[in-house]
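For reference, the structure is listed below as structure tokens.
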Amino acid sequence: MSDDKKYIELYDLMVEYGVCNEEEISLVCSINGTSLYSLECILFSRTGYRSLDQWKEMELNLEG
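In the numbering used here, the protein residues as written are 1 to 64.
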């Protein structure tokens, strides 16, 4: 999966599952740049998981 697709999926899942809201994502991305890395930093800060794949495997029970 491309980084763009992972970015979109991670963005949607973090908002859907209440990890953060769109305003928080916007703030972090305005400071650090709009990238998968920025979203993964939010994910790690809020959940302790380092990647979308790790979060899916450990918590979300979603397929690849």
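Where a beta carbon is used, it is the ideal one built from N, C-alpha and C, also for glycine.
Keep in mind it's a predicted model, so treat the numbers as computed, not measured.
Asked, Found
"C-beta contact flag for leucine 10 and leucine 36 at 8 Å", "yes"
"For glutamate 59, the nearest candidate out of Ile25, Ser2, Leu13 and Gly33 (CA to CA)", "Leu13"
"Tyrosine 11 (DSSP reduced to helix, strand or coil)", "helix"
"Proximity winner among Ser38, Arg46, Glu23 and Glu16, relative to aspartate 3 (alpha-carbon distances)", "Ser38"
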